[in-house]
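Below is one structure, written out as structure tokens; comments come after it.
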Amino acid sequence: MKQNYFLLIVVLVLVSCSDIKTNKTLNELTAKTEAYNSFKHTIFKNELLTLANTAKLDDTFKGKYEIVVKFDSLTAEYLNYLDSLKNQTINAAFLDEKEKHPYYIQNKFFKEKLVTVKGQQFIDTINLFNKNLGLLLETDFPDTKKLIDSLLSTKSIKISATQEEDWLSYQFKGVDNQAAISNITLMQSAIESVKSQLMKNIMGDEQFSASAYKVDVVLEKTNYYAGDKIRGKLFINKSVENLKPKEVVLNGVKLDQKYFKNGEVEIAIDAPAAAGDYPIEGQLTISQGNLEMTLYYNKSYSVIAKSKGTSDEINANTAIKTKKGVGNAKIVTQPKNNSLTNLEKPVIEIRGNVADNNGIIKLTRSNFITSSIDVLIPNSDLVVVVSEFSFKPQDQPTQKIYGNLLNSNSISIINKSKRGRQFKIFNLKISLKSNPSFRLKVPDAVTVELID
Numbered sequence: 035m036k037q038n039y040f041l042l043i044v045v046l047v048l049v050s051c052s053d054i055k056t057n058k059t060l061n062e063l064t065a066k067t068e069a070y071n072s073f074k075h076t077i078f079k080n081e082l083l084t085l086a087n088t089a090k091l092d093d094t095f096k097g098k099y100e101i102v103v104k105f106d107s108l109t110a111e112y113l114n115y116l117d118s119l120k121n122q123t124i125n126a127a128f129l130d131e132k133e134k135h136p137y138y139i140q141n142k143f144f145k146e147k148l149v150t151v152k153g154q155q156f157i158d159t160i161n162l163f164n165k166n167l168g169l170l171l172e173t174d175f176p177d178t179k180k181l182i183d184s185l186l187s188t189k190s191i192k193i194s195a196t197q198e199e200d201w202l203s204y205q206f207k208g209v210d211n212q213a214a215i216s217n218i219t220l221m222q223s224a225i226e227s228v229k230s231q232l233m234k235n236i237m238g239d240e241q242f243s244a245s246a247y248k249v250d251v252v253l254e255k256t257n258y259y260a261g262d263k264i265r266g267k268l269f270i271n272k273s274v275e276n277l278k279p280k281e282v283v284l285n286g287v288k289l290d291q292k293y294f295k296n297g298e299v300e301i302a303i304d305a306p307a308a309a310g311d312y313p314i315e316g317q318l319t320i321s322q323g324n325l326e327m328t329l330y331y332n333k334s335y336s337v338i339a340k341s342k343g344t345s346d347e348i349n350a351n352t353a354i355k356t357k358k359g360v361g362n363a364k365i366v367t368q369p370k371n372n373s374l375t376n377l378e379k380p381v382i383e384i385r386g387n388v389a390d391n392n393g394i395i396k397l398t399r400s401n402f403i404t405s406s407i408d409v410l411i412p413n414s415d416l417v418v419v420v421s422e423f424s425f426k427p428q429d430q431p432t433q434k435i436y437g438n439l440l441n442s443n444s445i446s447i448i449n450k451s452k453r454g455r456q457f458k459i460f461n462l463k464i465s466l467k468s469n470p471s472f473r474l475k476v477p478d479a480v481t482v483e484l485i486d
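Each residue of the sequence shown is one higher than the one before, counting from 35 in my numbering.
Right, dumping it as structure tokens:
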């Protein structure tokens, strides 16, 4: 069985087409690839919207936006063409219950050893699509053009040291309906990869990063008790003359203009009564002259229960205890020592949790990225300030992060990670808020493990 090898897609689904032994496995592969295509298309559309908003306020991106819109139109036409071929093949399989025509695409593209008119039209369509994309991208995005030339090449395939086979025969001759559908789906995935590469080239541009508009949400803290006043600010991530909030919706409620001050929006809401995680989300409409743009924002905070002084909390033998059935350890209080003598070793705390006996804190993805990296001293009320820490994703280099919050790069890595991936937090620089010159012991490293 001959298959179409696109390295990026093969890596993604972690199974080579050459390993396919049954139609069931082939159908599962096709379904996974189609789901991947849909996911990448959604990301592309979201990024295109961001680029459109940026182009409204920054003329330097209008040209790039127009190129991407034309690119999107061309690819949509091509993808629809491939979809029609897949649908024809699927319909032929359904209509033919006796399996007399299991090679619909082969019979469509070949007659004995010759390529049919339909087969040549298929090749011509791919070549024309490749040519049109190349003309559109060659000046501003030469790297993307090279990727297209590679993925859409219809040149003969070298199958041995001395033998070549024409591209169409290699892909579809001797290939049954299920395999043909899989091959066409992989061709669609190649285009989604090109779209991702194009947006990566634009979105990763330093100038775009500086020009892209987004709403930053800053809260005084991330953990609150029931009834606490939650205070913070919404503000645009960059300063532009005459750019100001026009309308703000916070958790479904339109805010009064009195909360708009100096280009920022004040947050002042009451924490709910029940413990749990809650969102700060909504939309902010900004204006600059006659232009308006709506930006969306999202952040979360936690409402935690106040301690009621259980028997666990007065255990005098240990400062940290792992409760049965609970993965993360909890701090157990003892009589407070607020003097600077005989202080216990500081402990890293994330979202109210400290590491278990294996040095691990298990967190959901959203809880991890929205939490601060805190340090406490067991059995002491002294406040510890974290000014720097090291962040090491599993199988990736270490990053140095300033402050006690994860930066955008680390959050991006976490969002792309799978369940079970671990992240090491270590090398913290800490000081006492009340006595910055006092030298504290360095906390032990902890490992955060994703549980979703």
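Idealized CB from N, CA, C, for every residue including glycine.
| Asked | Found |
| --- | --- |
| Taking all protein chains shown into account, decide if K147 is buried (16 or more other Cβ within 10 angstroms of its Cβ) or exposed. | exposed |
| Note down the Cα distance separating A213 from T178, rounded to an integer number of angstroms. | 28 angstroms |
| Please work out which residues of its chain come closer than 6 angstroms, Cβ to Cβ, to N351, disregarding the five sequence neighbours upstream and downstream, and give them in chain order. | Because the pLDDT at N351 is just 36, under 50, the model does not fix this residue reliably, and the point stays unresolved. |
| Round the Cβ separation of L474 and R453 to the nearest angstrom and send it over; I've been treating them as touching at under 8 angstroms. | Going by Cβ atoms, the distance from L474 to R453 rounds to 34 angstroms, so no, they are not a contact pair. |
| Note down, in chain order, each residue of its chain lying with its Cβ closer than 6 angstroms to the Cβ of P427, except the 5 sequence neighbours on either side. | I447, F457 |
| Is the distance from the Cβ of K70 to the Cβ of I225 below 9 angstroms? | The sequence shown places Tyr at residue 70, not Lys. Contact: no. |
| How long is the line joining the alpha carbons of E254 and G316, rounded to whole angstroms? | 19 angstroms |
| How would you call F472, buried or exposed, if buried means at least 16 neighbouring beta carbons within 10 angstroms? | exposed |
| Does the distance from the CB of S230 to the CB of T67 come in under 9 angstroms? | no |
| Which word fits A308, buried or exposed, when buried means at least 16 other C-beta atoms lie within 10 angstroms of its C-beta? | exposed |
| Counting beta carbon pairs with one atom in the stretch 181-192 and one in the stretch 145-165, are three or more of them shorter than 8 angstroms? | yes |
| So what does DSSP say about S468, is it helix, strand or coil? | coil |
| Could you check which residue in V299, S118, N285 has the C-alpha nearest to that of I270? | V299 |
| Could you tell me which uninterrupted beta strand (DSSP E) segments, each at least 3 residues in length, are contained entirely in the stretch 442-468, listed from first to last along the chain? | 456-466 |
| Can you give me the start and stop residues for the alpha helix (DSSP H) that Q154 sits inside? | 151-171 |
| Assign G153 to buried or exposed, taking buried as 16 or more other Cβ atoms, counted over all protein chains shown, within 10 Å of its Cβ. | buried |
| So what's V209 in DSSP terms, helix, strand or just coil? | coil |
| Return helix, strand or coil for T404, following the three-state DSSP convention. | coil |
| Looking only at its own chain, which residues have a Cβ that is under 7 angstroms from the Cβ of S321, when we skip the five neighbours before and after it? | K278, K280 |
| Tell me the DSSP secondary structure of V44 in three-state form. | Note on V44: pLDDT 40, under 50, position unreliable in the model; the coordinate value appears next. It is helical. |
| Quick check on Q205: buried or exposed, where buried means 16 or more other Cβ atoms within 10 Å of its Cβ? | buried |
| In the DSSP assignment, find the alpha helix (DSSP H) that holds S190 and state where it starts and stops. | Counting along the chain, S190 falls outside any alpha helix (DSSP H), and DSSP gives it neither H nor E. |
| Let's test the definition: count the other Cβ atoms within 10 Å of the Cβ of Q122 and tell me whether it reaches 16, buried, or not, exposed. | exposed |
| Give a yes or no on contact between the stretch 285-298 and the stretch 437-447, applying the rule of three or more CB pairs nearer than 8 angstroms. | no |
| Pull up the CB-CB distance for M221 and L116, whole angstroms please, since I reckon it's below 8 angstroms. | 6 angstroms |
| By Cβ distance, which residues of its chain are closer than 8 angstroms to N235, with the 5 residues on each side in sequence left out? | F175, D177, T178 |
| Go through its chain and collect everything with a Cβ distance to V251's Cβ below 7 angstroms, but skip five positions before and after it. | G266, L268, I314, Y331, K333 |
| Does the stretch 413-432 come close enough to the stretch 395-405 that 3 or more CB-CB pairs lie under 8 angstroms? | no |
| Could you check the C-alpha separation between Y258 and A389 for me, to the nearest Å? | 21 angstroms |
| Can the beta-carbon of I338 be found less than 9 angstroms from the beta-carbon of G261? | no |
| Might you give, ordered along the chain, the residues of its own chain that have their beta carbon closer than 8 angstroms to the beta carbon of N285, omitting 5 neighbours on each side? | I303, P313, I314, E315, G316 |
| Among I459, M327, S421, A110, which residue has its Cα nearest to the Cα of P431? | I459 |
| Output the distance between the C-alpha atoms of D429 and S451, rounded to the nearest integer angstrom. | 11 angstroms |
| If you follow the alpha helix (DSSP H) that N28 is part of, which residue opens it and which one closes it? | Outside the modelled stretch of the chain, which goes from 35 to 486, sits residue 28, for which no answer is possible. |
| Smallest Cα separation from L329: which of I395, V283, D311, K248? | K248 |
| According to DSSP, is K278 part of a helix, a strand, or is it coil? | strand |
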